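Note that the protein sequences, when read in sequence, are chains B and A. One rule links them: number in this note's numbering = place in the first sequence (from 1) + 48. One rule links them: number in this note's numbering = place in the second sequence (from 1) + 48. Heads up, the beta-carbon is just placed ideally off N, CA and C, and yes, glycines get one too. None of these values were measured; they are calculated from a predicted model. Remarks on the structure that follows.
2 protein chains.
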Amino acid sequence: MYSVVKRLLIGTPLSSSELEGQRLTKRVALAVFGTDAIASTAFATQEILVVLVPAAGMAALDYLVPISLVVIALLVIVTASYRQTLYAYPSGGGSYIVSRENLGTGASLVAAGSLMVDYTLTVAVSIAAGAAAITSAVPSLRGDELQIGLALLALIAVANLRGVRESGRLFAPPTYTYIAIMTLLVVVGLFRVATGSLGRLPVDQEALAHFTGREAVLAGASSFLLLRAFSSGAVALSGVEAISNGIQAFRKPESRNAAITLTWVAFILGALFLGIAVLASHLRPTLRPDETLLSTMGHAVFGNGLLYIVLQASTAAILTLSANTAFADFPRLSGIVASDAFLPRQFANRGDRLVLSNGILVLMFAAASLLIAFGGEVSALIPLFAVGLFMSFTLSQSGMVVHHWRGRQPGWQGRLAVNAVGAFATGVVTVVVVLSKFTEGAWVPTIVIPLLVLLFWLIHRHYARVDRALACPPGTPLPDIVHTVVVLVPSRVHSGVLESLAYAKSLRPQYLHAVHVAFDQESAEGMLATWAEYRFDIELDVVSSPYRALTRPMLQYIDALDERWQHDTVTVIIPEFVVHRWWEALLHNQTALLLKARLLLRKGTVVTSVPTHID
Amino acid sequence: MYSVVKRLLIGTPLSSSELEGQRLTKRVALAVFGTDAIASTAFATQEILVVLVPAAGMAALDYLVPISLVVIALLVIVTASYRQTLYAYPSGGGSYIVSRENLGTGASLVAAGSLMVDYTLTVAVSIAAGAAAITSAVPSLRGDELQIGLALLALIAVANLRGVRESGRLFAPPTYTYIAIMTLLVVVGLFRVATGSLGRLPVDQEALAHFTGREAVLAGASSFLLLRAFSSGAVALSGVEAISNGIQAFRKPESRNAAITLTWVAFILGALFLGIAVLASHLRPTLRPDETLLSTMGHAVFGNGLLYIVLQASTAAILTLSANTAFADFPRLSGIVASDAFLPRQFANRGDRLVLSNGILVLMFAAASLLIAFGGEVSALIPLFAVGLFMSFTLSQSGMVVHHWRGRQPGWQGRLAVNAVGAFATGVVTVVVVLSKFTEGAWVPTIVIPLLVLLFWLIHRHYARVDRALACPPGTPLPDIVHTVVVLVPSRVHSGVLESLAYAKSLRPQYLHAVHVAFDQESAEGMLATWAEYRFDIELDVVSSPYRALTRPMLQYIDALDERWQHDTVTVIIPEFVVHRWWEALLHNQTALLLKARLLLRKGTVVTSVPTHID
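What follows is the structure in structure tokens.
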């Protein structure tokens with residue numbers, strides 16, 4: 049039953065040797081790893097306005113192009129920086145690996161924690177924005193954003209549990225449709241503005257009052273406010289690092305293909321982001337609480353026809369699928385961290401379909417929790433978003449600076465300069481983001497990331513302790529084993545007990561005992577009488593347990609027995625019923641299971657189950 | 049943590065030898081086993097009116113005394129009948145035991161099923177009526193009957209998990225208070241009617257319309273309607289059989305003490321039931337949907353003062369505690385049925401406090417389900433109630449007839465006559481109840497009771513099969529054991545593997561193998577190289593598992609090994625990590641557990657865990 053459902057959802061198992069075959073072409077890779085970066089054009093512009101409009105009213109639109117240009121400058125710096133990484137780390141150079149190689153374990157764990165927080169927020173924000181795109185186009189769904197988001201999340205998780213290649217095939221068409229329709233929106237919009245067939249949109253005073261109502265509208269924007277607006281816009285860079293993590297999924301030559309793809313992604317992202325800002329500054333759309341900025345502009349440029357529907361549908365699709373970038377990278381990262389013994393080993397196990405299933409599941413639950421906690425609202429999640437993102441950028445670029453300095457390959461000075469600029473710029477942005485948005489939510493990642501780092505250390509300490517305890521260099525002699533065998537006899541003598549006794553004798557132990565735990569005098573005497581009848585040449589010890597407990601008297605008995613000899617191994621043989629239907633198991637007391645679990649915790653005790661099958 | 053909570057709720061464990069000390073005096077026994085019977089006076093009269101008022105309006109009150117007299121006649125017959133049982137079965141003679149001894153297994157299982165349904169409904173009805181008594185007095189709680197009922201249910205269950213004696217001590221005061229205040233209500237009420245200080249109550253037309261609104265009010269009541277009204281009133285007899293089940297809880301001489309107590313219970317029940325009917329026929333209170341009949345009459349006779357409060361409080365208390373009778377008897381019955389191997393053995397195990405904890409828990413969940421399914425409403429539960437009750441009465445009395453006929457002790461003719469009258473009367477009532485209430489809910493027990501009987505048979509068949517499979521008379525020779533030993537080697541060599549190897553060698557097996565399951569070629573070669581380094585004198589077999597499964601390749605390997613020899617025993621030795629903190633267990637793959645569970649299902653396979661402790 050479980051396996052049928054699993055097969056239907058996940059597909060048939062794939063062999064380990066099929067891993068190599070799952071490589072992606074550049075065009076498919078752009079969709080899989082670039083979707084996140086490109087999709088952020090759907091909400092980043094709006095989030096700048098969400099910060100500015102309450103203070104500056106409609107004048108906020110005047111700041112849109114300048115702020116966007118600063119964000120694009122940052123994008124150029126970061127892209128140049130990351131191209132270096134793709135060539136320096138052809139086997140995959142995410143922030144975690146670059147930090148680990150160059151900055152040491154501590155920094156790498158901060159990077160890992162930052163990235164994990166970042167990926168989770170990428171999923172939550174993309175899906176929340178995708179749901180908003182849907183409800184903008186279909187007003188009757190407004191209010192159900194959270195339910196829509198959770199359904200989309202489940203859909204992506206299942207797609208990813210099925211495997212990488214199918215994800216790419218599924219996700220390329222909407223990504224390219226989105227790029228095309230957005231280009232059309234900007235070009236047609238600006239053309240109509242230039243030809244005079246489209247002018248400024250009328251101001252919607254009611255919608256405006258929704259944002260400006262709470263605070264007095266200031267004459268202009270303060271510089272602190274501009275920093276906050278920039279911090280919101282900077283989330284457009286989310287996803288630029290995705291390719292450096294997923295480099296191994298590219299076809300050979302991986303570095304070159306990845307670098308070309310990265311440049312394309314950055315170009316598309318920057319062009320669309322700037323285009324939207326320019327178009328908005330001409331159309332001057334009013335920010336609305338229940339419709340996205342893109343939808344408002346789409347209505348103005350395309351009307352209500354097919355093109356508008358395509359715009360909203362592909363926006364919703366690319367946003368939903370942008371979460372897919374994180375679903376490709378989070379499990380990969382947690383798999384690497386797990387291989388380094390900083391996360392539970394299960395994160396490094398590949399599932400039936402060769403994907404890292406546990407990472408996918410953890411990401412799904414973490415993102416669902418975030419969506420539920422913040423009511424599925426994009427603007428509430430944005431302040432949490434940029435911290436992890438820019439922290440990991442900074443660590444990655446700093447690591448590259450160290451890398452160039454150490455290696456000093458021909459031309460290292462220029463490369464070092466590129467990465468140093470990148471590290472400095474993203475470092476400054478990290479500080480700006482934390483300070484300008486601290487009370488609005490940026491405090492959450494500043495607490496969660498250190499807690500994750502602590503968790504990594506605790507896990508690592510445990511694995512190290514286990515390794516020390518288990519260490520044995522070649523040549524270590526096998527330990528001596530001295531046998532003492534105890535056979536547990538249940539309330540009566542049956543054929544399973546006979547088998548257990550025969551098995552115990554076949555071990556030729558030094559000492560062999562049979563034990564019965566009696567709850568009252570009557571059953572003790574009854575058992576001794578029965579035992580005598582069978583004339584086994586093994587003595588039966590009866591342990592009295594007036595409080596009807598089984599495990600404690602057994603342990604006391606074994607302790608007493610064990611005290612007679614040093615360094616011996618006690619083997620407890622437990623005759624076990626095995627029934628082959630689950631409901632039959634409910635009809636037996638299952639004391640064997642409890643006893644086995646408890647005996648395993650006792651040192652120097654081997655537990656042997658001799659099963660008797662009933663069918 | 050679990051055990052601290054358990055101690056606080058349940059108390060410290062009691063020794064098996066303390067069982068004898070838990071006997072009850074007659075006065076306490078009347079409260080423990082009589083509460084159910086006496087408490088039914090709180091709702092039985094009202095339920096007669098619930099049937100009649102929709103058809104007859106206020107004229108329904110004219111039928112109250114005649115119907116009550118018929119019920120009391122039935123009570124006298126059943127009491128006389130049960131006194132015979134108390135003397136004939138001094139060690140406890142519930143319907144199940146009497147049927148088993150005299151009518152055979154089939155009839156006894158029908159009796160057991162009927163009683164279990166009856167006890168569950170006793171709990172549900174009593175608690176629903178108790179909640180109604182509370183909300184009648186405190187109108188602000190109306191609408192919360194179900195929540196109040198579930199809280200009371202949990203309270204009783206915990207009291208019973210603590211043990212019998214404490215239940216009696218807790219429950220005697222409210223029972224005697226109830227008897228006193230009800231007597232006062234009837235005496236004062238009738239006195240005030242006689243002296244003319246209290247006349248007919250005014251008719252509440254609005255409340256009346258609530259009942260009569262749905263059907264046209266007929267001129268009088270049809271005979272079918274009177275049968276239905278009688279069926280509702282007959283639930284007053286619920287609990288009369290309780291003493292015969294609990295006879296072993298009485299002090300010596302048990303039979304005599306139990307018979308005296310039964311007579312007292314029947315007398316108190318009959319007197320109060322008749323008194324209420326007579327008083328109601330004089331006061332003519334209007335039936336109300338949100339206040340009990342007793343509360344309406346209490347207001348009229350006592351006003352709103354202290355006596356009214358005592359009436360409602362003790363009614364609520366005795367009704368809640370009447371459920372306690374079922375909590376004393378249901379586990380006792382299921383324990384006996386379990387000893388006969390018709391219910392899982394766990395029902396016969398005494399818990400820490402010497403009570404049959406599993407029966408208590410099952411009853412609690414069954415009653416809670418009924419309360420929730422029927423919205424905590426008494427009138428909705430009543431049609432289900434009488435079927436099981438009178439079915440078990442009939443079987444018990446019929447069994448006694450056969451008992452007298454077989455034994456033919458001096459004076460058997462008279463005793464047989466008493467039981468024959470009882471069997472006939474209760475048999476007729478069973479038929480009347482099923483027919484007159486079938487569509488209103490009586491169909492539920494007529495389906496559930498046969499299903500329970502089927503379940504009993506299936507369970508019995510399983511235990512019989514196990515007994516046959518395990519049978520071995522004294523003198524059966526011990527089986528021969530030929531050893532083949534397999535040591536499972538995990539992904540690497542560590543000190544736990546060394547211990548397992550040493551242990552395996554100490555068993556001096558015929559054949560010894562080490563096995564490694566490899567997910568790809570690389571790890572297979574790595575493991576073989578490591579193995580060679582250690583120079584163990586045991587060969588390592590590598591099993592390839594391209595789909596990363598562990599258990600299936602292991603089983604195939606063992607099957608292939610096993611085919612070489614007939615009748616041998618394969619011992620699989622599994623090196624197991626044991627970590628002592630729960631969260632540490634999450635950091636390991638726990639494949640050992642899965643493998644152990646799967647290997648246990650394979651015939652002729654012994655599973656041995658060699659633990660390595662990490663701390």
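Looking at residue i: is its Cβ nearer than 8 Å to the Cβ of residue j?
i, j, result
"A:ALA414", "A:THR168", "yes"
"B:VAL30", "B:THR474", "Residue numbering for chain B in the displayed model covers 49 to 663; residue 30 of chain B lies beyond these limits and cannot be assessed."
"B:GLN132", "B:ARG463", "yes"
"B:SER370", "B:GLU95", "no"
"B:VAL171", "B:ALA297", "no"
"A:VAL658", "A:TYR551", "yes"
"A:ALA566", "A:SER593", "yes"
"B:ALA282", "B:VAL450", "no"
"A:VAL545", "A:ALA572", "no"
"B:ILE680", "B:VAL358", "Only positions 49 to 663 of chain B appear in the structure, and residue 680 of chain B is not among them; the question remains open."
"B:LEU411", "B:PHE390", "no"
"B:LEU134", "B:ALA306", "yes"
"B:SER427", "B:VAL98", "yes"
Could you tell me the distance, in whole angstroms, from the CA atom of residue i to the CA atom of residue j?
i, j, result
"B:TYR224", "B:LEU109", "29 Å"
"A:ALA267", "A:GLU254", "Per-residue confidence for A:ALA267 stands at a pLDDT of 49, beneath the threshold of 50, marking its modelled position as unreliable; no derived number is given."
"A:PHE438", "A:THR478", "5 Å"
"B:LEU367", "B:ARG454", "40 Å"
"A:VAL165", "A:VAL541", "60 Å"
"A:PRO187", "A:LEU198", "19 Å"
"A:ILE227", "A:PHE504", "40 Å"
"B:PRO431", "B:GLY470", "22 Å"
"A:GLU193", "B:ARG190", "38 Å"
"B:SER362", "B:PRO221", "9 Å"
Apply the 10 Å Cβ neighbour rule to residue i and answer buried if 16 or more other Cβ atoms are within range, or exposed otherwise.
i, result
"B:HIS628", "exposed"
"B:TRP630", "exposed"
"B:THR522", "Looking at the sequence itself, residue 522 of chain B is Pro, so the reference to Thr does not match. Result: exposed."
"B:SER668", "Chain B is shown from 49 up to 663; residue 668 of chain B falls before or after that span and cannot be answered."
"A:ALA512", "exposed"
"B:GLN394", "buried"
"B:LEU649", "exposed"
"A:GLN445", "buried"
"A:ASN352", "exposed"
"B:SER271", "exposed"
"B:ILE497", "buried"
"B:ASP663", "exposed"
Report the partner residues of residue i according to the DSSP bridge assignment.
i, result
"A:ILE621", "A:VAL535, A:THR656"
"B:HIS561", "B:VAL534"
"A:VAL481", "According to DSSP, A:VAL481 bridges with nothing at all."
"B:PHE298", "B:LEU72"
"B:SER592", "B:ALA566"
"B:PRO627", "Looking at the sequence provided, one finds Val at residue 627 of chain B rather than Pro. According to DSSP, which records beta bridges pairwise, B:VAL627 is partnered with B:ILE662."
Is there at least one Cβ from chain C nearer than 8 Å to residue i's Cβ?
i, result
"A:HIS508", "Of the protein chains in this structure, namely B and A, none is chain C."
Inset, instruction - Specify whether the stretch 558-575 of chain A and the stretch 570-590 of chain B touch according to this definition: at least 3 beta carbon pairs, one from each stretch, less than 8 Å apart. - result: The stretch 570-590 of chain B and the stretch 558-575 of chain A do not touch, with fewer than three beta-carbon pairs separated by less than 8 Å.
Inset, instruction - Pair every Cβ in the stretch 440-455 of chain B with every Cβ in the stretch 131-143 of chain B, then say whether three or more of these pairs are closer than 8 Å. - result: By the Cβ criterion, the stretch 440-455 of chain B is in contact with the stretch 131-143 of chain B, since at least three pairs of Cβ atoms, one from each stretch, lie closer than 8 Å.
Legend entry - Touching by the beta-carbon criterion (3+ pairs, under 8 Å), the stretch 242-261 of chain A and the stretch 81-92 of chain A: Too few Cβ pairs lie closer than 8 Å, so no.
Legend entry - Contact between the stretch 403-410 of chain B and the stretch 120-137 of chain B (3+ Cβ pairs under 8 Å): No, the stretch 403-410 of chain B does not touch the stretch 120-137 of chain B.
Legend entry - Inter-stretch contact at 8 Å, needing at least 3 Cβ pairs: the stretch 151-159 of chain A / the stretch 334-343 of chain A: The stretch 151-159 of chain A is not in contact with the stretch 334-343 of chain A.
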